[in-house]
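By the working numbering, the letter at position 10 of the sequence shown is numbered 523, and the numbering carries on one by one without gaps.
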Amino acid sequence: MKILNLIKKNLFLIIVLIYGIYWVYDYFSTQKAIENLDFGINANELRKSLNIPIIDESMSSDNGYRWESWREKPKQNEILHVWKNVTPSESKKMILEHEFDAYRKLNSDGKIAQFNIISEIIGDSVSMRSGKLFYFDSEFRNEINLNEREIDSVSRSWGLNYLKKK
C-alpha cells in the first residue's frame, strides 16, 4: 500500500525519468549507428586519398548526411570546418558520390571569409572539385568561383595542405 502511494505521488517524476533514460539510450545508439555508416567517419581515409575534406572530430550529425561544427564563427588564426553535406552513392560499387564543405577564416580586417568546396567522386578513385570563395555575413557577397587549381591555391594559403592535389 505504501509503495502504491509512493508511486502515485511521484508518477510524473517516474515518467520523466523513464523518458529521459530512453532519450539518452536512443541518442547514443543513433550516434553509434551514424559513426558506423560507410560514408560517415569511416570514409575519412578515402576522403584524404581523394583530397576531399574529412569529417573533423569536432563535428556532429543527427542523421549522418549533414555534419556541423558546434560553432559558426572561427576564432583568430583558426580555419573552422563549419559543415559538410554528404551524398552517399546509390551504387554498391561506390561509397561516396558528392560532398559539400564549408570552411571559415577570420581575416585581419575582422571579416569572415568562407571557402566552399564541392566534390564529385567518380568510382571511389577520382574526385573533381569546384568551389566558391566569399565573405560570410557580408551585405555585398562578391563570390569567386574556383576551379581545381584555384582550390589548391586557397587550400595552400589557408593551411589545408591535405586538400592540395598537386
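For glycine and all other residues, C-beta sits at the position ideal for the given N, C-alpha and C.
These numbers were taken from a predicted model, which means no experiment stands behind them.
Rounded straight-line distance, which links the Cα of residue j to that of residue i
i    : j    : result
L673 : G533 : 41 Å
K679 : I567 : 18 Å
A626 : P601 : 28 Å
I631 : S573 : 20 Å
N590 : L619 : 7 Å
L593 : Y616 : 5 Å
E633 : E603 : 14 Å
I531 : L524 : 11 Å
N555 : L519 : 49 Å
R666 : K677 : Position check: residue 666 holds Ser in this sequence, whereas Arg was assumed. The alpha-carbon atoms of S666 and K677 are separated by roughly 8 Å.
L559 : E656 : 29 Å
K561 : S651 : 32 Å
R662 : S670 : 13 Å
I565 : I528 : 46 Å
Collapsed DSSP secondary structure at residue i in the structure displayed
i    : result
K521 : helix
G533 : helix
W671 : helix
K561 : helix
L550 : coil
Spatially closest choice to residue i from the options, by CA coordinates
i    : options                   : result
N658 : K645, S668, D650 and E652 : K645
Y675 : F552, L524, L563 and K521 : L563
K586 : G577, R579, S668 and W596 : W596
E610 : D551, S668 and S670       : D551
F649 : W583, K624 and I664       : K624
Counterpart residues of residue i in DSSP-defined beta bridges
i    : result
P601 : L609
E581 : S573 and W596
G644 : I630 and L659
D622 : Paired residues: none, contrary to the question.
I664 : Paired residue(s): none; I664 is not in a bridge.
D614 : K597 and I630
I635 : V639
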